[in-house]
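Trainee: Shown below is the structure under consideration.
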Amino acid sequence: MSDQSQDKTHPNKSRRSFLSGGVAVAGGVAASALGARAAVAATPDPLITEIQEWNQVLGDGVDAAPYGVPSEFEADVVRRDVPWLTADPISSINFTPIHQLDGIITPNGLCFERHHGGVAQIDPADHRLMINGLVDNPLVFTMQDLMRFPRENHVYFLECAANSGMEWRGSQLNGCQFTHGMVHNVMYTGIPLKLLLQEAGLKPNAAWLLPEGADASGMTRSVPLDKALDDCLVAFKMNGEALRPEQGYPIRLVVPGWEGNMWIKWLRRIEVGDQPWHHREETSKYTDLLANGKARRFTWAMDVKSVITSPSPQMPITHGRGHTVLTGLAWSGHGRIKRVDVSLDGGRNWQTARLDGPSLSKSLHRFYHEFNWDGSEMYLQSRAIDELGNVQPTKNELRAARGENSIYHNNGIQTWQVRTDGETENVEIS
Amino acid sequence: MSKSLKLFGAVAGLLIVTGVPSFAQDVDAGKKVFRKCASCHAVGDNAKNKVGPQLNDVFGRTAGSLDGFKYSKSMKAAGADGLVWNDETVGKYLEKPKAYIKGTKMSFAGLKKDKDVENVIAYLKSFSGEATEEAEKPDNAAANEEKKPQTKVAAAPVADAPMADHGTYHLGRPALPEEIAAWDIDIRPDGQGLPAGSGTVARGGELFDEQCAVCHGSFGEGEGRWPVLAGGQGTLTDDRPVKTIGSYWPYLSTVFDYVKRAMPFGNAQSLSDDDVYALTAYLLYLNDIVTDEDFELSSDNFTEVRLPNEANFIDDNRQDEPQYAAGLEPCMSNCMPEPAKVTMHARVLDVTPEGEEDEGGAGAID
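In order, the protein sequences belong to chains E and Z. Taking our numbering, I'd label the letters of the first sequence as residues 1 to 430. Taking our numbering, I'd label the letters of the second sequence as residues 431 to 796.
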């Protein structure tokens, strides 16, 4: 153990000194002490004793970036994909860097993407929304028409039903971005779907909806009418600005708490019917094959789930022993999160974590657990409980109930092994 | 673009390039060969990148150099090493893509016949060089002129239009029957939405070889990682089940609906209703659900065909699983007799964006 000084509160700083050549000599001493506990500075820190470029030279004025972008030191905070998961990048997926984010809101440019026919680029002036089927008046709306309906704002998580889908047979991908990153959480501004349906007038036998996308995959899903009348939105803003093209610009369906595939992007039509359609995305895909060969269909709700985002394989502990912050996300498609427990010893003993920030229904919740790491090996786990009392199950409980071929709806408890050097890995334990 | 202009382009191409084989290259024959490429590549007016890069002016292009297309690392490396597309290099690439550029992500087995290679090169050349660029301008202008008024219809509200009387807010306008017909193409298991029409297994086979086999394989077995469409019966309880139309899908209507709305990938909604009936019939044949090549599927007999796995779908009953039983109080201390032991490590340790591409399947994600 060295006594070399290190800045623990500003992880960026050590990276910056590592990056900027000349200063790195002194910084290098600190860097070699990775994993060491710091208390006393041996030599004065040149970052303090010497005048730095940014202390002296003027920076950019306003308007250098009319649409602002993150600091250049955050260039590694990006969505990432795993190319071999799919045949080509057009019908593919990438992952939100949840390990590098905090709070509950996902920045728009970091929300994971999943498209089935690439990103449609649609001029809002050319976009139409049609409502047809079992309605009194089949209608066509322009964007301008839609802007004249009353609006609401809600924060909701969107999780792909295949999030953690690679992990059914055992630990696979080494990073919570890849095991749990098919989730994002933004504030939507949109029109209650109920108002649009009422505008067209529902026939008495109306029971199901078929929302349809305008992209090259013509995405469709059957949605029961009760859900549509309850809390679905037709959204046009996320986090205050227009939807991003990859999130369905100009409008998408919001189906709170339910699997992301149903949140039709580039929404162009809603048909009202009296039966479900059993289309490809609710038969071939998004059905959960069980061990006995039967398959569950219409498994819409996303069950209670949580994950520790740091430490995690992409966020090892680099400061050595001492005070540390464990943090993570919890969510449930059934409502609010009531409690999150964390274990440092692989589920033998649990402590209740601290929930912080807004606690909203069907939204991500942020939890923290601050503690003194003694430098010994840990098996980190988190377990969420929602307001209906659903407890996040272990992976083995899920396997016992379903087998290993379900692909979708894996909400099992994740284990990260933190080794004595702080390196962290995705493992399964018994 | 007119045929004569294409020929002109081809001739120009022949003049520029030296070392052209002595026999004639045929642009029209090349156009037929290009059907094999068209699901992934576009050429001509407004050609956009699809699964593969657009191929206008590909002759003289440095390999892997088109802005806005995400090439494989190996294709970019080949370009950086000086690979430029010409008769010889395109020819070799098309013969055996994966052998010529190891690690290319063009999932295409290659053209077996030299003649096909030469003809498709001739066809592509008709979209390379200045002759074509100029020739395409008038076409472009015409297309734009046609498009403009179309997009304006009903977009701008007329200030003194009569107030609609439907609903609460009187917003939106009635959808016209032609508009509903154009967009409402969905099909249900009970046959609702099926258009009039018919097609045989034999006709479907021809269409499939032309338009689907490059990705899905001649027998629906799936090339590379493209989806498998046939086989897998009896595997649903295996370690690695193969879920196909024959082994898994509950309803035939889903095949018709999906092929009509989304396939071929990159050229959706280009098939006629008769084509979709024929392809659906052929997919039944590939899955041994019909065995007669003369079988004709039509709007009349469609709902009589049942898929073998229909009965094996059940509604969501996750809440009945033991782990969600009401009133469970989770254990807080001494929950396991022994300290935790690692039973499995992450299989894929370094999941970096530039990671090894052929790492081997962790399983489907969608």
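Positions of the beta carbon are idealized from the N, C-alpha and C atoms, including for glycine.
1. I want to know whether the stretch 485-496 of chain Z touches the stretch 510-530 of chain Z - three or more CB-CB distances under 8 Å.
2. Could you name the residues of the same chain whose beta carbon sits closer than 8 Å to that of E/GLU282, not counting the 5 residues immediately before and after it, in chain order?
3. Skipping 5 residues on each side, what residues in its chain have a beta carbon closer than 6 Å to that of Z/GLY662?
4. Return the residue from the list Z/ARG777, Z/GLU548, Z/GLY540 and Z/ASP517 that minimises the CA-CA distance to Z/LYS461.
5. So for Z/PHE725, helix, strand or coil by DSSP?
6. With H, G and I counted as helix, E and B as strand and the rest as coil, what does DSSP make of Z/GLU518?
7. Say yes only if the C-beta of E/ILE308 is nearer than 7 Å to one or more non-hydrogen atoms of the ligand SAH, and no if none qualify.
8. Suppose you measure from the CA of E/PRO89 to the CA of Z/ALA643; what does that come to, to the nearest Å?
9. Grab me the residues of Z/THR630's own chain with a C-beta within less than 7 Å of its C-beta, minus the 5 sequence neighbours each way, in chain order.
10. Tell me, to the nearest whole angstrom, how far the beta carbon of E/GLY328 is from that of E/SER359; I am working on the premise that it is less than 8 Å.
11. I'd like to know if E/GLU387 contacts chain Z, where contact means its C-beta is closer than 8 Å to some C-beta of that chain.
12. When you check each C-beta in the stretch 236-264 of chain E against every C-beta of chain Z, which residues fall closer than 9 Å?
13. Starting from the N-terminal side, write out each stretch of the alpha helix (DSSP H) that is 4 residues or longer and does not extend beyond the stretch 35-105 of chain E.
14. If the criterion is Cβ atoms closer than 8 Å, does the pair E/HIS99 and E/GLY201 meet it?
15. So the beta strand (DSSP E) E/LYS338 belongs to, where does it begin and stop?
16. Taking Cβ positions, are E/HIS278 and Z/PRO738 nearer each other than 8 Å?
17. With burial defined as no fewer than 16 other Cβ atoms inside 10 Å of the residue's Cβ, what is the status of E/HIS323: buried or exposed?
18. So, are the CB atoms of E/ASP386 and E/LYS338 less than 8 Å apart?
19. Anything in the stretch 608-619 of chain Z with a Cβ closer than 7 Å to a Cβ of chain E? List those residues in chain order, please.
20. Classify Z/GLY647 as buried or exposed, calling it buried when 16 or more other Cβ atoms lie within 10 Å of its own Cβ.
21. Which chain E residues sit within Cβ distance under 7 Å of Z/SER495?
22. Taking the alpha carbon of E/LEU398 as the reference point, which residue from E/GLN417, E/VAL40 and E/GLY165 has its own alpha carbon closest?
23. Between E/GLU425 and Z/ALA776, how many whole angstroms is the CB-CB distance? I'm expecting something under 8 Å.
24. Who are the near neighbours of E/ILE308 in its chain, counting only those whose CB is closer than 8 Å to its CB and skipping five residues on each side?
25. Three Cβ pairs or more, each shorter than 8 Å: is that satisfied between the stretch 140-154 of chain E and the stretch 201-215 of chain E?
26. Just list the residues that DSSP pairs Z/TRP679 with in beta bridges.
27. Indicate whether E/ASN163 and E/VAL183 have their beta-carbon atoms separated by less than 8 Å.
28. Mind pulling the chain Z residues with CB within less than 9 Å of E/TYR156?
29. DSSP three-state call for E/GLU271: helix, strand or coil?
30. Would a check of beta-carbon distances place E/THR424 closer than 8 Å to chain Z?
31. Nearest CA to the CA of E/CYS232: which residue from E/LEU197, E/VAL78 and E/GLY248?
32. Can you pull the DSSP bridge partners for E/HIS365?
33. What do you get for E/ILE105, buried or exposed, if any count of 16 or more other CB atoms within 10 angstroms of its CB means buried?
Mentor: Checking against the coordinates, here is how it stands:
1. yes
2. ARG221, SER222, PRO276, ARG297 and PHE298
3. VAL672, THR674 and SER677
4. Z/GLU548
5. coil
6. helix
7. The ligand SAH is not part of the structure shown, which contains no ligands of any sort.
8. 20 Å
9. ALA708, ALA711, ASP724, PHE725 and GLU726
10. Between E/SER359 and E/GLY328 the Cβ distance is about 15 Å, and since that is not below 8 Å, they are no contact.
11. no
12. ASN261
13. 46-49 and 53-56
14. no
15. 337-343
16. no
17. exposed
18. yes
19. GLU609, ILE610, TRP613, ASP614, ASP616, ARG618 and PRO619
20. buried
21. Within 7 Å Cβ-Cβ: nothing; Z/SER495 doesn't reach chain E, min ~18 Å.
22. E/GLY165
23. 6 Å
24. CYS176, LEU326, THR327, GLY328, VAL342, LEU380, GLN381, SER382, GLN414 and TRP416
25. no
26. DSSP, once it has assigned bridges, lists no residue as partnering Z/TRP679.
27. yes
28. Correct list: empty, because the minimum Cβ distance to chain Z is about 20 Å.
29. strand
30. no
31. E/LEU197
32. E/ALA330
33. buried
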